[in-house]
Amino acid sequence: MKQDLNPLQQVGRMDGMTVPDGYFRGFAERMASELPDKQPAVVEMPRSLWQKTRPYIYLAAMFAGIWCMLQMFAMMGGTGVSGAITPDNNPVLADAIENDSFMDDYYYMAVDEYDLYDDLYAAGMDWNKFMYEK
1202 MKQDLNPLQQ VGRMDGMTVP DGYFRGFAER MASELPDKQP AVVEMPRSLW
1252 QKTRPYIYLA AMFAGIWCML QMFAMMGGTG VSGAITPDNN PVLADAIEND
1302 SFMDDYYYMA VDEYDLYDDL YAAGMDWNKF MYEK
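In terms of my numbering, the sequence shown is numbered consecutively and its last residue is 1335.
In structure tokens:
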């Protein structure tokens, strides 16, 4: 007796999910004819004061940020109105430099050995002074 190896052919395809013949032929036209020809109502919502002024406020904030950034560059470069930021003319900076915990946490932690050696070499440090001689 010869057995059929394809189980789908043995079971068949009658799973109850069938569509009548020609159902989708002309479906779009039938659906369009059954729908009413209504146009959606366009309602314009009134704009609030914030919605009207928001772009201008954002623009002003952007220019204020650019101005602050340029002022910081000028102060750090020494060309600002008050001159360069140094511990001599800035008491907050002088207090921060005198505070050991601030220097340990924020300044020394940012400098590694390579940076230290590079700065010493650039300053012209004579390494022969530190060589151990027997």
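Cβ coordinates follow ideal geometry from the N, Cα and C atoms, glycine included. Just so we're clear, the structure is a prediction, and the values are computed from it rather than from any experiment.
Where does the unbroken alpha helix (DSSP H) through Glu1314 begin, and where does it stop? Glu1314 to Ala1323
Where does Ala1208 fall in DSSP's three states? Inspection of the sequence shows that residue 1208 is occupied by Pro rather than by Ala. Of the three classes helix, strand and coil, the one that applies to Pro1208 here is helix, per DSSP.
For Met1270, which of helix, strand or coil comes out of DSSP? helix
Please report the straight-line C-alpha distance between Met1218 and Ser1249, rounded to a whole angstrom. 54 Å
What residue range is occupied by the uninterrupted alpha helix (DSSP H) comprising Arg1226? First-last for Arg1226: undefined, no H or E at that position.
What three-state label does DSSP hand Ala1295 in the structure shown? helix
Mind checking whether Met1270 and Ile1286 have CB atoms under 8 Å apart? no
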